[in-house]
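Below: one structure, written as structure tokens.
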Amino acid sequence: MSENIWVSIADGNVDRVKELISADVQYANIQDDNGYSPLHAASSYNNLELIDFILQNGGNVNILDNDGDSPLHVCESVECAIHLIKNGADYKILNKDGFNAIQAIGINDQIEVAKGVCDYLGLKLELPGETGSELDSINGKGGDDDDDEGLDPDELDEYLNSESLDTIFAQIMQDAGGDGSIDENELKSLVLDYIKKEKFKHLGNSEDQPQQ
Numbered sequence: 000m001s002e003n004i005w006v007s008i009a010d011g012n013v014d015r016v017k018e019l020i021s022a023d024v025q026y027a028n029i030q031d032d033n034g035y036s037p038l039h040a041a042s043s044y045n046n047l048e049l050i051d052f053i054l055q056n057g058g059n060v061n062i063l064d065n066d067g068d069s070p071l072h073v074c075e076s077v078e079c080a081i082h083l084i085k086n087g088a089d090y091k092i093l094n095k096d097g098f099n100a101i102q103a104i105g106i107n108d109q110i111e112v113a114k115g116v117c118d119y120l121g122l123k124l125e126l127p128g129e130t131g132s133e134l135d136s137i138n139g140k141g142g143d144d145d146d147d148e149g150l151d152p153d154e155l156d157e158y159l160n161s162e163s164l165d166t167i168f169a170q171i172m173q174d175a176g177g178d179g180s181i182d183e184n185e186l187k188s189l190v191l192d193y194i195k196k197e198k199f200k201h202l203g204n205s206e207d208q209p210q211q
């Protein structure tokens, strides 16, 4: 299997992808060095035609990459996510960061997709703020005249109490290892990333089942 099927998927070369899988069904579940499968790629590119073809030829809808992400984890459209769920995708699968697909979608800034999936599944989605306000601030996009790429220390109090903040810094410094030294910008980035993940931990934890 020397031909790169992922390039064909990225290029939207549907006919060539179908030729490859038809000639050798192992292509349906082939994975690269990162565990990325054709179904991951087709899902990321919102190519429902290829998703259906891959599944019809033995593709595993819940195949995991090296990070524990399923194709549903990498969806970037409501249409694609619901299509995968209708075909057996399990949104409750946790990746290696401990997040299910809805959480991962939200963390990856696909807020409307997370909302759409929750609406379909009958789950309650509670976001820390609507796009354009608090979420943009957390992601370093808030403020008309704010050129900073993240929150300054004073603004952190809006989202975390001091006890939580102490815990975050302690964990980050422990992870830094050695003498605990860490670049200031890297530290800020790690703190903001941690905050964003904490905000979405609750998403999709309901035991409710999808309404077909």
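Each residue of the sequence shown is one higher than the one before, counting from 0 in numbering that gives the first Met the number 0. The beta carbon of each residue, even a glycine, is placed where N, CA and C say it ideally should be. Since the model is a prediction, treat every value here as computed from it, not as a measurement.
Determine the DSSP secondary structure at residue i, reduced to helix, strand or coil.
i, result
"residue 88", "coil"
"residue 98", "coil"
"residue 63", "coil"
"residue 2", "coil"
"residue 79", "helix"
"residue 50", "helix"
"residue 107", "coil"
"residue 8", "helix"
"residue 149", "With a pLDDT of 42 at residue 149, under the threshold of 50, the modelled position of that residue is not reliable, and no figure is offered here."
"residue 28", "helix"
"residue 71", "helix"
Drop a sphere of 10 angstroms on the beta-carbon of residue i, count the other beta-carbons inside from all chains shown, and report buried for 16 or more, exposed for fewer.
i, result
"residue 42", "buried"
"residue 36", "buried"
"residue 99", "buried"
"residue 6", "exposed"
"residue 21", "exposed"
"residue 3", "exposed"
"residue 33", "exposed"
"residue 96", "exposed"
"residue 19", "buried"
"residue 65", "exposed"
"residue 58", "buried"
"residue 23", "exposed"
"residue 87", "exposed"
"residue 91", "exposed"
"residue 114", "buried"
"residue 25", "exposed"
"residue 14", "exposed"
Please report the distance separating the alpha-carbon of residue i from that of residue j.
i, j, result
"residue 62", "residue 83", "12 Å"
"residue 27", "residue 119", "28 Å"
"residue 70", "residue 106", "16 Å"
"residue 29", "residue 81", "24 Å"
"residue 116", "residue 85", "11 Å"
"residue 50", "residue 12", "13 Å"
"residue 55", "residue 48", "11 Å"
"residue 93", "residue 101", "10 Å"
Give the range of the alpha helix (DSSP H) segment to which residue i is assigned.
i, result
"residue 19", "13-22"
"residue 58", "Careful: residue 58 lies outside any alpha helix (DSSP H) and carries neither H nor E."
"residue 120", "110-120"
"residue 43", "37-43"
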